[in-house]
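Asks: Chains as they are written, first to last, in numbering that gives the first Met the number 0: chain A, 0 to 348; chain B, 0 to 348.
Below you'll find the structure I mean.
Number of protein chains: 2
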Amino acid sequence: MTTVTITQVAERVGVSVATVSRFLSGNNVREEDAIREAIAQLNYRPSAAARNLKSGKTSTIAVIVPDIANPFFASIVRGAEKAAGEKFMVLLVNTDGNPNREERILTQLFGRVDGVIMVPLTEDEVAPTAFGKFGFPIVFVDRISKESHEFDSVLVDNVKGSRLAVEKFIALGHTRIAMIGGPLDSTPGKLRRDGFHAALKKAKIENNPEYFVEADFNQVGGFAAMTKLLDLDNPPTAVLSANNLMTIGALEAIKSRGVCVPEELSFIGFDDIEMATLLVPPLTVVSRDVESQGAEAMRIMINRLDPNNRLSPQHKMIDVKLIERGSCSNPWLWSSKDSKIDQGSKKVK
Amino acid sequence: MTTVTITQVAERVGVSVATVSRFLSGNNVREEDAIREAIAQLNYRPSAAARNLKSGKTSTIAVIVPDIANPFFASIVRGAEKAAGEKFMVLLVNTDGNPNREERILTQLFGRVDGVIMVPLTEDEVAPTAFGKFGFPIVFVDRISKESHEFDSVLVDNVKGSRLAVEKFIALGHTRIAMIGGPLDSTPGKLRRDGFHAALKKAKIENNPEYFVEADFNQVGGFAAMTKLLDLDNPPTAVLSANNLMTIGALEAIKSRGVCVPEELSFIGFDDIEMATLLVPPLTVVSRDVESQGAEAMRIMINRLDPNNRLSPQHKMIDVKLIERGSCSNPWLWSSKDSKIDQGSKKVK
DNA sequence: ACGCTCTCTGCAATCGTTATCAGTAGTTAA
DNA sequence: TTAACTACTGATAACGATTGCAGAGAGCGT
């Protein structure tokens, strides 16, 4: 109710506020026991606001994500929280992928946090030049661009991820390999496409532009893109989806068309899905340790905040691996008699 | 770098800090344009810390959940964020279901937030008596207990939820109906069990203690509980799981045993699961609007924070409904010849 | 007794804002 | 002309903590 201040504690014990303050910060004081008791009696808690003002530190780090309900971002946050430990609190903020909101949030955050860990949806959500003015360090997750040299970042090996998937398809004998890609103005969208194309090129598979559909990293986009692929005259026999939400959408499209996985279509998703093992068949995915990516971002932030360090921008790369479950098979496993998608010959042209 | 203060803005324009402050709070001032420009030039942002100290308000509301990576809690947070709008920021904190951490967090939060929205895992995570001393209002989500009359809360109709599921099973002809329950020291765990038993009693179905397994609201617990049920001499033909994580665990157990749903076993989960439609068969669930539950909690909090209101504790109840998909069927649909679970006669005793 | 270090103390300034208060014009009313 | 009102202003005291400073004792060696 009535907030109790350090002054009241001091009065009760009969010492100065300075002494109580020193006790609070761990110094030896004579009336130690009395102070401890007075604090308990009065139920005193130091005001964070006053401390912040005096010290200029908040012991708070914001994590900004486009959508906390996406399990992927939730895991990042969780990793960051764990790495923050007792020293820092985590202030979580959603942007809803809305650039205006993002800008406003960054402004509001001033004086409230010591630093920001940010997972942007696209690369230009916030004008790059705007960053310098916010006055706190920023660690980017999954984002790299021109000004990247100025900022810390934690990236994932997007190119390798796509490559692993494509190589898997190729090893099984697929040649009609398609990708449902993310927005090309986002780092993951761009790099995952690059990895896809690079792997195809390396295997000397002709690049069929119809086999790359750019979508929006959302479920509906994945559904639409997959539908488009299934409607091609010569549909692919293997599909890589560039993120978890689009994977779900794509699987819905596949299911609604009655296409069988993996007999008629091999499928790999980028980023693991909770319950991937429960799907029929279990989904093969390109996976990374998302929690540790969040943790790594927090670790970098904490280092940056330490005034003893004057580090140059850090760039950490998280590895990916292919987790094989049951959604891929050889393309010739199925007979074409009643397949809904094999209407052409296996050899194009 | 060097933080710019209101004083510098005032100096540059040639007015007093009071005038700048007034401009900031929306009053008419003569040098309006000059101030605006100076703020932009100097890139000045008011310090939240100083404002907090002066006003005693933080415009921040904490949402405390056991695990943000659980999509269910993520949705609560999201709803709360939406309802918070521009006026309040949301500070998210995980407890990891750890009571010590919970206590510590509540302490740390003092002076940092205006109020707390809390989703506790069990009812006694925090000593009820402890709450009075934290000095900010608390809105509970999914929790009710002795001291409930003192605190606002947003509950879900747990009893009805269980009842809907059981009635569905009964309507299909099931009599061997089991439940994988949550911890009985939690509000949802207790009430969902109560609803389960009440519905059975109403239908005059004998209460078989073996058909209620208390688990931990986690995936592994769900797996173990389901395994236990399948191992019974006279296993159930219909199972209700008390939350989403246990549902996933239970489905894994079912799958690993090769039991067919819904032919051999009807299944209903409490709380919807993302991708429930993708499962084979699509999962029938008891669902509520989780986002709106979070939003409702935030709305109550904002009202409580308004000094004009002197409200008695609010208790809002969120409705539930049964979403029928494909995981339930009549128990006699299947023949017993090769079923892995029907070893007894359909009629018990 | 004297100086010296050591440990602890209280005073007071300070962090960046906002709110109170007492002005100072300028306008209008009587 | 004076009074009353309006519309703004600047100086200054808070808000609740931390910290530099000077000083008070205590302990010790000479």
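Cβ atoms here follow ideal geometry from the backbone N, Cα and C, with glycine treated the same way.
Just to make sure I have the definition right: I need the residues of chain A whose C-beta is within less than 9 Å of the C-beta of Gly25 of chain B. Which are they?
Replies: Chain A residues near Gly25 of chain B: none, gap ~17 Å exceeds 9 Å.
Asks: Specify whether the region 286-301 of chain B and the region 314-324 of chain B touch according to this definition: at least 3 beta carbon pairs, one from each stretch, less than 8 Å apart.
Replies: Counting Cβ pairs under 8 Å, three or more are found: they touch.
Asks: Please classify Asn157 of chain A as buried or exposed, where buried requires at least 16 other C-beta atoms within 10 Å of its C-beta.
Replies: Counting Cβ neighbours within 10 Å, Asn157 of chain A comes out buried, since at least 16 surround it.
Asks: One question on the structure: do His173 of chain A and Ser265 of chain A come within less than 8 Å of each other, judged by their Cβ atoms?
Replies: Yes; because the gap between Cβ atoms is below 8 Å, this pair is in contact.
Asks: Using the three-state DSSP reduction, which class does Val89 of chain A fall into: helix, strand or coil?
Replies: It is a strand residue.
Asks: With a Cβ-Cβ cutoff of 8 Å, do Ile63 of chain A and Val118 of chain A count as a contact?
Replies: Result yes, Cβ atoms of Ile63 of chain A and Val118 of chain A sit closer than 8 Å.
Asks: Three Cβ pairs or more, each shorter than 8 Å: is that satisfied between the region 186-201 of chain A and the region 158-167 of chain A?
Replies: Touching, yes.
Asks: Determine which residues of the region 36-49 of chain B have a Cβ less than 8 Å from any Cβ of chain A, and write them out in chain order.
Replies: Going along the region 36-49 of chain B in chain order, one finds Asn42, Arg44, Pro45, Ser46, Ala47, Ala48, Ala49 with a Cβ nearer than 8 Å to chain A.
Asks: Residues of the region 207-220 of chain A with a CB closer than 8 Å to any CB of chain B: list them in chain order, please.
Replies: Within the region 207-220 of chain A, no residue qualifies.
Asks: I'd like to know whether the C-beta atoms of Glu205 of chain A and Gly180 of chain A end up nearer to each other than 8 Å.
Replies: The answer is no: Cβ separation not under 8 Å.
Asks: Return the CA-CA distance between Arg142 of chain B and Val19 of chain A, expressed in angstroms with no decimal places.
Replies: Each residue's alpha carbon lies about 38 Å from the other.
Asks: What separation, rounded to the nearest whole angstrom, lies between the Cα atoms of Thr226 of chain B and Glu209 of chain B?
Replies: For Thr226 of chain B and Glu209 of chain B, the distance between alpha carbons rounds to 13 Å.
Asks: Near Met297 of chain B, which residues of its chain fall below 6 Å by C-beta distance, leaving aside the five closest residues on each side in sequence?
Replies: Contacts found: Ala79, Ala82, Ala83.
Asks: Counting only C-beta atoms, is Gly134 of chain B closer than 8 Å to chain A at any point?
Replies: So, interface residue.
Asks: Would you say Gln7 of chain B reaches chain A, if we count a Cβ-Cβ gap shorter than 8 Å as a contact?
Replies: Not closer than 8 Å to any Cβ of chain A, the Cβ of Gln7 of chain B fails to qualify, so no.
Asks: Using the Cβ count rule (16 or more neighbours within 10 Å means buried), how would you classify Pro330 of chain A?
Replies: Classification of Pro330 of chain A: buried, given that the 10 Å Cβ count is 16 or more.
Asks: Looking at the C-beta of Pro187 of chain A, does it have a partner C-beta in chain B at a distance below 8 Å?
Replies: Chain B, which has no Cβ nearer than 8 Å to the Cβ of Pro187 of chain A, makes this no.
Asks: Enumerate, from N- to C-terminal direction, the unbroken beta strand (DSSP E) stretches of 3 or more residues contained entirely within the region 141-173 of chain B.
Replies: If we require 3 residues or more, the beta strand (DSSP E) runs fully inside the region 141-173 of chain B come out as 151-155.
Asks: Measuring only between beta-carbons, confirm whether Gly96 of chain A sits less than 8 Å from chain B.
Replies: No, its Cβ sits nowhere closer than 8 Å to a Cβ of chain B.
Asks: According to DSSP, is Thr236 of chain A part of a helix, a strand, or is it coil?
Replies: In this structure, Thr236 of chain A counts as coil in the three-state DSSP scheme.
Asks: Return no unless some Cβ of chain B is closer than 8 Å to the Cβ of Thr226 of chain A.
Replies: No, because no Cβ of chain B sits closer than 8 Å to the Cβ of Thr226 of chain A.
Asks: Using the Cβ count rule (16 or more neighbours within 10 Å means buried), how would you classify Val138 of chain B?
Replies: Flag for Val138 of chain B reads buried.
Asks: Just to confirm my understanding: we take Leu239 of chain B, look at its own chain, exclude 5 residues before and 5 after, and list those with CB closer than 6 Å. What are they?
Replies: Contacts found: Ala164, Met178, Ile267.
Asks: Could you pull out every unbroken alpha helix (DSSP H) segment of at least 4 residues lying fully inside the region 180-262 of chain B, listed in chain order?
Replies: Runs of the alpha helix (DSSP H) inside the region 180-262 of chain B: 186-201, 218-229, 243-255.
Asks: Which residues bound the alpha helix (DSSP H) around Gly78 of chain B?
Replies: Here the alpha helix (DSSP H) through Gly78 of chain B covers 70-83.
Asks: Quick one: is Arg44 of chain A buried, meaning 16 or more other Cβ sit within 10 Å of its Cβ, or exposed?
Replies: Classification of Arg44 of chain A: buried, given that the 10 Å Cβ count is 16 or more.
Asks: Which bits of chain A does Arg77 of chain B rub up against, with CB to CB less than 8 Å?
Replies: Within chain A, the residues near Arg77 of chain B are Asp66, Ile67, Ala68, Asn93.
Asks: For Val279 of chain B, list the residues DSSP reports as bridge partners.
Replies: DSSP, once it has assigned bridges, lists no residue as partnering Val279 of chain B.
Asks: Here's a check: name, in chain order, each residue in its chain whose Cβ is nearer than 6 Å to the Cβ of Leu190 of chain A, leaving out the five neighbours to either side.
Replies: Here the set comprises Asn157, Val158.
Asks: Starting from the C-beta of Val14 of chain A, find all residues in its chain whose C-beta is less than 6 Å away, skip the five residues before and the five after it, and write them out in chain order.
Replies: Contacts found: Glu30.
Asks: So what's Ser15 of chain B in DSSP terms, helix, strand or just coil?
Replies: Correct three-state label for Ser15 of chain B: coil.
Asks: Do Phe135 of chain A and Pro312 of chain A come within 8 Å of each other at the CB atom, strictly closer than that value?
Replies: Cβ distance not < 8 Å, so Pro312 of chain A and Phe135 of chain A don't count as in contact.
Asks: Mapping the DSSP letters down to three states, classify Gly114 of chain A as helix, strand or coil.
Replies: Looking at Gly114 of chain A - three-state DSSP - the assignment turns out to be strand.
Asks: Can you check whether the CB of Ile272 of chain B is closer than 8 Å to the CB of Thr236 of chain B?
Replies: No, the Cβ-Cβ distance between Thr236 of chain B and Ile272 of chain B is not below 8 Å.
Asks: Looking only at DSSP bridge pairs, what is Lys315 of chain B linked to?
Replies: Looking at the DSSP assignment, Lys315 of chain B forms a beta bridge with B:Val153.
Asks: Consult DSSP for Lys53 of chain B and reduce its assignment to one of helix, strand or coil.
Replies: Note: Lys53 of chain B maps to helix in three-state DSSP.
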